[in-house]
Every structure is written in C-alpha cells, then in structure tokens.
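S.K.: Chains as they are written, first to last, in my numbering: chain U, 2 to 206; chain H, 57 to 911. Heads up, the beta-carbon is just placed ideally off N, CA and C, and yes, glycines get one too. The structure displayed is predicted, hence computed values, not measured ones.
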Amino acid sequence: MASRKKVLLKVIILGDSGVGKTSLMNQYVNKKFSASYKATIGADFLTKEVMVDDRVVTMQLWDTAGQERFQSLGVAFYRGADCCVLVYDVNNSKSFDTLDSWRDEFLVQASPRDPENFPFVVLGNKIDVEENKRMVTSKRATAFCQSKGSIPYFETSAKEAMGVEHAFEIIAQNALAQEESEEFSGDFSDPIDIHLDRENDGCAC
Amino acid sequence: MTPPQPQPRIPPTGTAIGTSSWAHSPAAKHSHNMPGHAQRTPPDSPISSSASFYDLSDGEEGEYNTIMHSTSGRGVKLLYSKSKVYVHPTPSSKDNIPGFIALIQQKEPASDRRGSSSSSSSRANKASAYLLAWLPESSLGNSLDAYLKVDLSDSSSPPRQSFLVPPPPTSTHNLGLGTYAFAVPVSDIYSLLVRPPSIGWWYGSVVINSRAGNSLPALFFHDDECQSTILQKKKRVRESFDPFGEDGGTFWGGDEVLRWLKRYVVVEKSGADPSVFLIEPTAEDRLGFGGKPVTPTSPKSPSIPSGQGAASQSTKKDAGMDPLTKALKQARWSFLEKMSQVTTFTRRTAQDIAENPKIPPQVRRLMKNPEVQTLQDEFDSARVYLARWAMGMAEQSEKERSQRIFTAQDVLEMEESDVGEFEILDMEAANLSLQDKRKPVSMTEWKGFFDASGKLKVTVDEVKERIFLGGLDPSDGVRKEAWLFLLGLYAWDSTADERKAVIHSKRDEFVKLKGAWWERMVDASGTAEENDWWKEQKGRIEKDVHRTDRQIPLFEGEDIPHPDRDSPFAEVGTNVHLEQMKDMLLTYNEYNPTLGYVQGMSDLLAPIYAVEQDDAIAFWGFVGFMDRMERNFLRDQSGMRTQLLTLDHLVQLMDPDLYLHLQRADSTNFFFFFRMLLVWYKREFEWVDVLRLWESLWTDFLSSNFHLFIALAILEKHKDVIMEHLKHFDEVLKYINELSNSIDLPSTLLRAQYLFRRFQRTVEAIDRKQSFPAPSSMRQRKPPAASDSTAAAAPQGKTAPANKGKAIAATTANDVPDELEVETKVISPELRSLLSRKVEKLDHKTVVEHGGGVR
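So, in structure tokens, the structure goes:
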C-alpha cells in the first residue's frame with residue numbers, strides 16, 4: 002500500500018538574497034540558467050518528479066525571498082517541510098555566516114517534531130567564479146556542517162550546472178527518509194494540528 | 057500499436073470553433089449508420105485510443121485533413137462560389153487567409169458506390185455528388201477567373217454557362233502547413249453552425265460539422281470585401297426595399313450558402329438551437345434536436361447580460377449572445393465539471409476522457425499531449441495546469457472578441473459573476489461622457505488645466521478623475537510633468553515659478569545627500585555596526601539593480617566597465633542608468649536610514665526613473681512614492697499584515713462563497729497576494745501597464761487603498777477556476793503567481809471600479825440599517841441561553857429559522873428579523889479605511905520602531 006501512495010516531498014530553500022536560490026531551483030527543474038532572474042518576492046515553488054530508491058516521488062521545491070524581514074510571513078509554507086536546503090555564495094562570506102541563523106529561523110518557524118534530526122543540506126553556490134574571488138573555503142564549510150550534526154554539504158554552480166543534480170538527489174533521499182519517519186510516527190496531516198496552526202496565524206496577522 | 061490514423065486537426069485558435077461543434081456532433085450516433093459511405097476511407101471511427109500521440113504533435117497543427125472523396129482528375133462543375141470568405145487561423149487578423157467557398161458538382165455522382173450500402177437512398181447519393189469546398193485564393197491559379205465569374209454571375213440560379221474547374225483537393229496529402237482547404241461531400245455534412253454578423257462579430261461565420269463528428273475550420277464571411285454580396289445587398293434594397301435575409305436579419309454571405317444547399321438537400325433549422333442547421337436530418341436527428349437544448353447546460357452556466365443589436369434570429373432566452381460564445385461558455389463549464397469529477401486523475405480516467413467523443417477535440421488533444429500525460433501522474437500540478445488552461449481558453453475567446461473597440465459592455469459580457477452589471481449601467485447612463493473620460497490625458501489637455509501663471513484652473517479632483525479613468529498619454533511626455541504632481545513633489549496649487557524653485561532646491565538637496573553616503577563609503581567614519589550595515593546595503597542594492605527590469609531598453613546595456621572591480625558584476629559591465637539607479641537607492645538609504653533599502657524598492661524606482669530620466673527628480677518622486685509605500689517594507693511586516701488582513705475582510709464581505717472556499721483551502725492568509733501588494737503589481741503586469749496602473753492608483757480618486765480592489769478584481773475574475781480546481785494553499789499560490797504577465801489591465805481596472813462602487817453601497821446599506829432605530833437588544837447577538845423553547849414559539853411564524861442564532865434573536869425582537877442579517881456584517885475599521893482617500897503615511901516614530909534600519 003505504501004508504494005502506491007503518492008509521495009510529495011516538500012523542500013524549502015533558504016539563504017541570503019542573491020546567493021542563487023532561484024537559479025539552483027531552475028537549473029535543477031528546468032535545466033535552465035538566466036543571469037537576470039528578478040529578486041524573488043513572496044514565495045513560489047516548482048515541482049519535479051524523481052525516482053528515489055525505485056519510488057517515484059514529487060519534489061516540491063519552495064523558493065523564498067532572501068531578505069530576512071520577508072521570512073516572517075512565510076510560516077504558511079514552512080510547515081510540513083521534509084528537508085531544508087541552506088544556500089550560500091562561496092564568494093560572499095557574509096552569506097556563509099548567516100547560515101546558522103537561517104537554520105535556527107527555520108527550526109523556529111517550521112517547528113518540526115524532531116529538530117535534532119531534521120534533515121538540512123548546505124549548498125555552496127557560484128563555484129564557477131574565479132578562484133581568487135572565493136571567500137569561503139571548502140574546508141571551512143565542511144567544518145561548519147560537521148559541527149551542526151553532519152549536515153551534507155555540496156558545492157554547486159547553477160550557472161554551469163555543476164553539482165546541482167547530485168545535490169538534489171541527496172536532498173530528495175533525505176526528504177523521503179524524513180517523510181517516511183514522520184509517517185511511521187503517525188504525525189502527518191493531523192486535523193487538530195492544522196487547527197491550532199490556523200489560530201496562530203490569526204494572531205500573527 | 058496500430059499506425060497513426062489521420063485525424064482532424066484543430067489549430068490552436070480553433071478553440072472556440074471546435075468546442076461549439078462538439079455539442080452538435082453526432083459521431084457516436086452515426087458511426088454505424090452512414091448511408092452510402094460504408095467503405096469510405098478514414099476517419100469515420102471515433103478517435104482511436106491507440107492512435108499515436110505523435111500525430112497530435114504541434115508541428116502538424118496547422119494542417120487539416122479533408123474528408124476523402126476523390127474522383128477522377130478531370131474537371132468538376134462549379135455551381136456557386138463566393139469570394140472573400142476567410143479562415144482565421146490565429147487571433148491576429150494579419151494571418152487571415154482569404155478564399156472562396158464553393159458548391160461543386162462532381163462529374164460522376166458516386167454511382168460506383170451504389171451497392172455499398174443497403175440503406176442508401178437516392179437522395180443521399182445525390183447529395184454525395186455535391187461538394188462544399190473552401191479554397192484559399194492563392195491555391196486557385198488559373199481557375200481563379202472561373203471562381204470570380206461564378207461569384208458575380210446572377211446568383212439566383214446556377215450559372216447557365218458551365219464552368220469547369222480542377223477538382224478541389226480532397227486527398228489527405230499534405231497540402232503544406234497552414235493549408236486549410238477542404239471539400240466535403242454534402243452528404244457527409246451533418247450540420248452547419250451558422251452565425252450571422254452581429255455587434256460582437258463583425259463577420260458572420262459558418263462552421264461545418266461532418267457526420268464523422270469533425271468540425272472544419274470556421275469560415276468568416278468578410279462581406280464588406282465581397283463584391284457579390286455587396287451587389288446582392290444593393291439589389292435587394294433596390295428591388296424590394298428589403299435589406300434583410302430570410303430570417304429577418306441583415307442579409308449576409310452565409311445566407312447564400314444556405315440557399316445553395318437548399319436547392320439540393322434538405323436543410324432544416326434545429327428547433328433546439330436556432331444557429332444550427334441540420335443537413336438531410338434523419339428522424340432520429342430531428343428527435344434529438346427537436347425541442348430540448350442540445351448543449352449540455354450546467355448550473356454554473358454564466359448568465360450573460362444581453363448586448364444590443366444581437367442577431368435577430370436568436371431566441372429570447374439567449375438574446376444578444378452570439379451562439380458561438382454561448383456554446384463555448386457552456387462547453388467550458390461542462391468541461392470544468394468533468395474535470396472536477398476526475399480529481400484523482402489517474403491515467404485511466406484521463407484515458408476515458410481522451411476517448412470520450414463528447415469531449416471537444418482540443419481537449420482530447422490536450423489530454424494526449426505528452427506534457428499533460430506526465431502531469432496526470434502528478435495530481436496537484438495537473439489541477440493547476442488544467443485550471444490555467446481553462447482560463448486560457450476563456451481568455452482566447454475574449455481576445456477574439458476584441459477585434460472591436462473595448463467598451464464597458466464587453467467587460468460585463470466577460471464577467472461571469474453578477475458583479476457590477478447594474479452599477480456600470482447606472483454610471484454610464486448618469487454620465488454619458490464617461491467614454492471620453494477613459495481616453496488618456498494628452499499633453500495638450502494637461503496644459504489646458506493650467507492658467508498663464510501655471511496655476512491649476514480646474515479642481516484637483518477633476519484632474520485626478522481624468523487621470524484615474526483615462527491615464528496619461530504614454531508617448532507625448534505628459535507623464536514626466538504630471539507624475540511630479542501625483543508623487544507630491546509639486547503642490548497642486550503651485551505656480552510654474554514655485555515649481556521651478558522646488559526643482560532647484562531639491563536638486564541641491566539631492567547632491568548633498570548623495571555626497572553624504574559617498575563620504576561614508578570613503579571614510580568609514582561610522583561605528584563598526586553602521587559600517588557593516590552600509591556595506592551590506594550597498595551589496596544588496598548592487599545585486600538588485602542588476603536584476604531589475606533589464607528587459608527595458610534603458611536598463612539593458614552593459615556598455616561601460618563596472619566602476620568597482622570587486623563587484624560581482626565587474627565582469628559583465630554596467631550602464632549609466634544602472635549606476636544612476638544604484639546612486640539613487642543608496643541616497644534613499646542615506647535619506648531614510650531608519651528603514652533603509654529593502655528588496656522591492658528597486659522595482660518601485662525603475663518606472664519613475666525611466667519616465668523622468670533625471671536622477672535628482674526621479675529620486676524625489678521615489679521619495680514621494682515611498683511615503684505611502686513605507687509600510688510595506690517594515691522589518692516586522694506589520695504594514696503588509698494589515699493589508700492582507702484588510703483584503704481578508706474585503707473578500708469576506710464581498711464574496712463569502714469564495715472566502716469560504718479559500719478558508720477550506722487554508723488560504724485566507726492571502727499570502728499569494730504578497731508580491732502584488734508589496735510592489736503594486738509590478739511583477740504581474742507588463743511594463744507599460746504598470747505605468748498606467750500606478751498613475752491611476754496615485755490619484756487616490758476613489759480610495760487611497762484602491763490597489764486592494766485591484767486584488768479583489770483579479771480574484772473575482774478567477775473565482776470560478778479557483779473554486780472549481782484549487783483545493784490547497786500551494787495550488788492557489790501557484791495559480792495566482794502564474795497569472796503574472798497575463799492579466800489584462802483595462803478590464804481589471806474597470807472591474808475594480810465596479811467592485812469599489814459595490815463595496816461602497818454595501819457599507820452604506822449596512823450603516824443605514826444599523827442606524828435604524830431598533831430595540832437595543834437587537835444590536836447584539838444574544839447568547840443562546842434558554843432560547844430553545846422560546847424559539848419554537850417565535851411569534852412571526854415566518855420561514856423556519858435557518859439556524860439557532862437567528863431563532864434566538866427573533867425571540868427577543870418583536871419584528872424586523874431581517875435586521876439580524878445585517879448585524880452579522882460588521883464593518884471593521886480596516887474595511888472602513890478603504891473608503892478613505894487619505895494616504896496613510898507612517899509617522900517617524902513608527903518607522904524608527906519597526907523600520908529595521910540603522911537608526
């Protein structure tokens with residue numbers, strides 16, 4: 002029965018503005034790159050069907066605005082996430098420094114049942130830029146990810162389509178594992194949960 | 057797999073045409089009973105499920121296969137022809153193909169096939185001897201002359217002289233892309249959908265539905281170009297003073313075709329749908345089309361206000377609506393109903409739909425499209441996709457209708473809701489010059505508003521009303537001047553000299569502000585925290601400017617080297633306007649450090665700069681705009697929340713059905729309007745439309761929050777699709793996001809106006825009722841304490857109380873139970889603020905507290 006059930010994996014992509022969240026998503030889903038994606042306002046998502054361990058799953062990739070203040074209204078789509086992708090620009094150390102706060106912010110907003118084991122993936126993007134402009138070394142990034150509970154780390158270039166496919170395969174795998182663990186614990190689409198959340202919304206607005 | 061079978065192709069623009077024919081296609085009924093045509097080569101059967109998807113590929117869409125009925129290659133007799141009959145393959149008139157419709161007698165009237173069917177009647181055989189054909193002018197070559205002569209010959213009878221022409225192409229051979237030529241044996245025609253010219257359609261048209269269930273392309277009679285029709289019209293007037301055709305409508309080319317056919321076959325008007333003419337109907341057909349409506353009606357069928365000057369042959373019940381549009385609308389709703397029934401959307405049900413002969417061909421085609429096939433596995437996306445498709449289909453028909461000048465009446469006809477029907481009529485009647493007021497304000501008109509000293513000599517409201525309704529001329533430079541008033545840089549009561557002085561001082565001030573951040577950059581004189589913030593803001597502005605409106609020629613170029621070698625854009629270069637944009641935004645960051653630059657502001661500045669093309673002036677215009685937009689960018693997003701909440705209240709009041717649906721879809725946070733509200737639809741409309749929209753909004757003519765009525769107008773337009781298809785927050789969000797660049801501005805503005813008027817009246821009505829002297833106990837809903845028994849004994853004995861709440865109140869009140877309805881509607885302060893024309897600006901303290909800048 003489980004194999005018959007349609008699986009939707011919800012993946013949230015976070016990170017500072019201009020690190021390439023929209024580009025990564027479009028490269029992965031549409032195999033396209035454009036230098037002129039407008040700054041994302043609000044949120045949008047793309048879906049892609051993929052095979053993970055012989056199962057067909059639908060990934061729903063949520064693209065978000067990068068400026069922190071726009072996150073506060075995003076609660077609606079954080080909920081029910083199966084994986085969170087944190088993106089930074091390897092040529093911009095500030096965008097790396099903020100990874101930790103993006104992670105915290107996500108955990109607060111999405112409030113997953115088991116925050117300790119919630120799957121994150123970190124992507125260091127724009128590795129196509131010349132070496133001397135690089136501000137964050139692989140070593141430094143890897144060390145950070147290790148310290149945060151062995152978060153998988155990949156380096157990518159959305160522009161040159163480097164590492165993107167592989168990174169998202171891992172993202173899909175981790176998201177599926179998360180989805181299944183939630184399923185086992187019976188904690189999904191609980192109507193009471195939703196009701197409470199809605200009330201929270203009301204207050205927040 | 058069986059080899060691909062030839063199938064009728066419907067070109068993309070055939071949408072409206074093909075759909076309408078579906079209801080009249082008797083494919084299922086006739087496939088087993090085809091007199092005299094049992095051995096006819098393909099394609100008689102309903103579309104085969106095994107047909108390859110590839111023969112439905114886009115590459116072949118332009119091609120029509122004709123129904124086979126080939127005879128020997130010798131000449132055939134041209135009985136009648138009519139010129140200037142067009143096929144409209146696309147909505148663009150430049151793609152129209154002129155041609156001839158002709159009735160042709162085949163030399164050998166199919167006697168060789170006589171034995172093929174026991175049920176063949178001589179009449180049917182006779183009918184098979186005639187071909188109804190359409191041939192493009194360009195394909196006629198030497199025989200063009202014959203076609204013209206027959207066209208112009210006395211049309212009351214076939215020409216005495218016999219004109220032989222080459223047989224029309226009746227094979228399935230590829231006649232080249234975009235060749236729509238066909239020739240159908242009259243015996244193969246099931247019905248004609250005949251639509252005389254009317255107000256909505258300059259050109260009358262005829263659609264031929266074959267017995268196999270196919271529709272041929274619609275033929276449009278450009279009577280104004282057709283010599284023979286013009287002559288015939290004149291002749292009628294001259295001889296009988298009767299310019300009307302047989303049905304009482306104005307005589308037109310299509311009447312001729314019916315007249316030709318009537319000479320050879322039985323042509324019978326369907327009782328169910330007067331626009332359908334059955335050819336050689338069987339008793340069965342008569343039964344089927346005799347009394348009851350042919351087209352499936354659904355409860356959702358839109359009721360359309362009637363337009364004047366409708367085809368006179370229409371029956372009363374749908375007077376004024378041309379039959380094709382009606383059929384399209386009904387088909388669309390039936391389709392949507394179908395779709396909603398197959399929510400699980402398995403491959404199996406999709407296949408069922410694809411094979412259902414009742415489904416219009418273009419829907420079947422859609423279902424077999426590989427892209428849709430993939431989507432079928434993915435239920436959520438499929439729904440959004442289909443919802444968009446359905447809307448696209450509706451818009452297509454709108455576009456086809458817009459060959460004429462856009463009037464308020466059209467908008468109403470497009471409306472599927474009852475919103476504003478009467479309002480607009482009231483408005484138009486009360487003010488006959490409204491059409492004039494919807495014309496853009498030109499520079500000449502603008503200058504006429506001012507006296508010799510440059511002081512406004514009409515009222516500010518008059519000017520604002522003109523701009524609100526008509527906008528400003530985009531090409532004569534009036535925007536450059538008028539925007540400075542709208543943005544508050546110029547006072548409305550200023551003189552020309554005063555305005556000059558303003559410009560001078562503002563230029564100086566801009567230079568100073570610009571110098572201030574420049575120093576800051578060079579000296580790094582602030583605190584570490586401040587310096588970090590500045591650096592970050594600079595980087596943010598840099599990134600955003602390079603991705604703002606780069607499709608606009610002004611911002612397109614990368615012709616100068618980037619001044620900052622460390623910039624991520626150092627390699628691609630920049631242009632002078634991008635650099636100006638960065639300077640202005642950094643200056644704003646300096647000017648309003650309590651807020652600073654926030655993403656989205658570059659979207660707000662770009663149009664102002666593009667119109668003013670002067671950095672100092674554009675900067676101050678932007679500052680004026682930001683005065684009202686500041687609330688959108690606060691760190692805590694309180695301003696956005698307020699607006700989304702107001703929208704929530706507005707939808708709740710104005711469209712409770714839709715609101716309840718959105719509630720079920722967990723979408724009443726209205727987050728899907730976030731982008732639209734944040735940057736005033738900058739990402740949803742085309743550039744030129746954004747300029748037009750903003751200048752209307754800046755007038756605050758009806759409300760300083762008119763942008764929320766734009767949101768409501770967009771929502772209302774898509775209400776049916778949303779309610780029918782979109783069940784979850786993500787679906788709603790996706791659908792709304794993807795409306796980007798497909799929203800029609802003029803109709804949206806108009807719809808927003810009706811909605812505002814309706815809102816205003818609703819509020820007034822509620823206020824009136826609430827101020828009506830009623831017992832004070834009426835003012836509040838009583839808790840249901842001890843009410844059950846008394847409720848049963850409610851004195852009025854009117855209709856049974858619908859719910860307990862009502863019953864309870866009825867016990868306390870002696871009469872006017874209706875008053876209770878009103879009490880449930882409370883006008884929130886948020887809603888009331890929508891009636892105000894005063895712009896809500898934040899005070900400095902609020903910005904300091906919530907701005908999220910450095911100070």
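Pick from Pro222(H), Phe277(H) and Leu134(H): whose alpha carbon is nearest that of isoleucine 153(H)?
M.R.: Nearest C-alpha to isoleucine 153(H): Phe277(H).
S.K.: What's the call for proline 496(H), buried or exposed, on a 16-neighbour Cβ count within 10 Å?
M.R.: Buried is the call here.
S.K.: Go through its chain and collect everything with a Cβ distance to glutamate 281(H)'s Cβ below 7 Å, but skip five positions before and after it.
M.R.: Cβ neighbours of glutamate 281(H) beyond the five flanking positions: Lys140.
S.K.: Which residues in chain U sit within 9 Å of glutamate 592(H), going by Cβ to Cβ distance?
M.R.: Those are Lys95, listed as they occur along chain U.
S.K.: Does serine 437(H) come within less than 8 Å of chain U when only Cβ atoms are used?
M.R.: Residue placement at serine 437(H) is poorly supported in this model, since its pLDDT is 47, which falls under 50; the coordinates are not used for a value here.
S.K.: Here's the rule I'm using: 16 or more other beta-carbon atoms within 10 Å means buried, otherwise exposed. How should leucine 821(H) be labelled?
M.R.: Here residue 821(H) is alanine; the residue named in the question, leucine, does not match the sequence. Classification of alanine 821(H): exposed, given that the 10 Å Cβ count is below 16.
S.K.: Considering glutamate 592(H), what are the terminal residues of the beta strand (DSSP E) in which it resides?
M.R.: Segment 584-601 is the alpha helix (DSSP H) holding glutamate 592(H); no beta strand (DSSP E) there.
S.K.: Output yes if chain H places a C-beta closer than 8 Å to the C-beta of arginine 135(U); else output no.
M.R.: It does not; no Cβ of chain H falls within 8 Å.
S.K.: What is the DSSP secondary structure of cysteine 282(H), counted as helix, strand or coil?
M.R.: If DSSP states are grouped into helix, strand and coil, cysteine 282(H) belongs with coil.
S.K.: Tell me, to the nearest whole angstrom, how far the beta carbon of serine 18(U) is from that of alanine 36(U); I am working on the premise that it is less than 8 Å.
M.R.: Between alanine 36(U) and serine 18(U) the Cβ distance is about 15 Å, and since that is not below 8 Å, they are no contact.
S.K.: Give me the residue from Ser151(U), Glu181(U) and Gly16(U) with the minimum Cα distance to aspartate 223(U).
M.R.: This structure cannot speak to residue 223(U), because chain U is shown only from 2 to 206.
S.K.: Against chain U, with Cβ distances strictly below 8 Å, would leucine 734(H) count as a contact?
M.R.: Yes, leucine 734(H) lies at the interface with chain U (some Cβ there is under 8 Å from its Cβ).
S.K.: Quick one: using the 10 Å Cβ neighbour count with 16 as the cut-off for buried, is methionine 377(H) buried or exposed?
M.R.: Unreliable placement is indicated for methionine 377(H), whose pLDDT of 42 sits below 50; the coordinate value is still reported in the next sentence. Classification of methionine 377(H): buried, given that the 10 Å Cβ count is 16 or more.
S.K.: Which ranges would you report for the beta strand (DSSP E) in the region 34-90 of chain U if only whole runs of at least 3 residues count?
M.R.: The region 34-90 of chain U contains these whole beta strand (DSSP E) runs: 44-53, 56-65 and 84-90.
S.K.: When you compare the CB of glutamine 110(U) with every CB in chain H, is at least one pair closer than 8 Å?
M.R.: Closer than 8 Å: no.
S.K.: Within its chain, find whatever has a CB closer than 7 Å to the CB of threonine 650(H); leave out the 5 residues flanking it on each side and keep chain order.
M.R.: The residues are Val903, Val904, Gly907, Gly909 and Arg911.
S.K.: From which residue to which residue does the alpha helix (DSSP H) around asparagine 793(H) run?
M.R.: Run containing asparagine 793(H): 785-793, per the alpha helix (DSSP H) assignment.
S.K.: Can you tell me whether DSSP reads arginine 251(H) as helix, strand or coil?
M.R.: Here arginine 251(H) sits in strand by DSSP.
S.K.: Distance cutoff 8 Å, beta carbons only. Does glycine 19(U) sit that close to anything in chain H?
M.R.: It does: the Cβ of glycine 19(U) has a partner Cβ on chain H nearer than 8 Å.
S.K.: Taking CB distances under 8 Å as the criterion, tell me whether alanine 176(U) reaches chain H.
M.R.: No - not a single Cβ of chain H is within 8 Å of the one on alanine 176(U).
S.K.: For lysine 790(H), go through chain U and note every residue whose CB falls closer than 8 Å to its CB, in chain order.
M.R.: Those within 8 Å of lysine 790(H) in chain U are Asp45 and Phe46.
S.K.: Below 8 Å between beta carbons: does that hold for leucine 811(H) and methionine 732(H)?
M.R.: No, the pair does not count as a contact, with Cβ atoms beyond the cut-off.
S.K.: With a 10 Å radius around its C-beta and 16 neighbouring C-beta atoms as the bar for buried, classify leucine 890(H) as buried or exposed.
M.R.: Looking at its Cβ environment, which holds 16 or more other Cβ atoms inside 10 Å, leucine 890(H) is buried.
S.K.: By Cβ distance, which residues of its chain are closer than 8 Å to isoleucine 1(U), with the 5 residues on each side in sequence left out?
M.R.: Outside the displayed range of chain U (2 to 206) lies residue 1(U), so it cannot be described from this structure.
S.K.: Take leucine 701(H) and list the residues in its own chain whose beta-carbon comes closer than 7 Å to its own, dropping the five residues that flank it on each side.
M.R.: So the list reads Glu886, once near-sequence residues are dropped.
S.K.: Along the chain, where does the beta strand (DSSP E) containing alanine 158(H) start, and where does it finish?
M.R.: From DSSP, the beta strand (DSSP E) with alanine 158(H) extends over 153-161.
S.K.: Can you tell me whether glutamine 221(U) is buried or exposed? The criterion is at least 16 other CB atoms within 10 Å of its CB, across all chains shown.
M.R.: Outside the modelled stretch of chain U, which goes from 2 to 206, sits residue 221(U), for which no answer is possible.
S.K.: So phenylalanine 726(H) packs on methionine 696(H), CB below 8 Å; how close in whole Å?
M.R.: That belief does not hold up - the Cβ atoms of phenylalanine 726(H) and methionine 696(H) are roughly 10 Å apart, past 8 Å.
S.K.: Any Cβ of chain U within less than 8 Å of the Cβ of proline 624(H)?
M.R.: Yes, proline 624(H) lies at the interface with chain U (some Cβ there is under 8 Å from its Cβ).
S.K.: Starting from glycine 125(U) and walking both ways along the beta strand (DSSP E), at which residues does that stretch end?
M.R.: First-last of the beta strand (DSSP E) with glycine 125(U): 121-126.
S.K.: Any C-beta of chain H sitting closer than 8 Å to the C-beta of serine 102(U)?
M.R.: For serine 102(U), the answer is no, since every Cβ of chain H falls outside 8 Å of its Cβ.
S.K.: DSSP on proline 712(H), reduced to helix/strand/coil?
M.R.: Helix.
S.K.: For aspartate 756(H), collect the residues of the same chain with a Cβ closer than 8 Å to its Cβ; drop the 5 residues on either side in sequence, then sort them by chain order.
M.R.: For aspartate 756(H), where only same-chain residues beyond five positions count, the Cβ hits under 8 Å are Lys520, Phe762, Arg893, Lys894 and Val895.
S.K.: Could you tell me which chain H residues have their CB closer than 8 Å to the CB of serine 268(U), listed as they occur along the chain?
M.R.: Only positions 2 to 206 of chain U appear in this structure, which leaves residue 268(U) out of reach.
S.K.: Output, in chain order, the set of chain U residues within a Cβ distance shorter than 7 Å of asparagine 793(H).
M.R.: The answer, in chain order, is Asp45.
S.K.: What residue does the beta strand (DSSP E) around serine 266(H) start on, and which one ends it?
M.R.: That run of the beta strand (DSSP E) goes 260-266.
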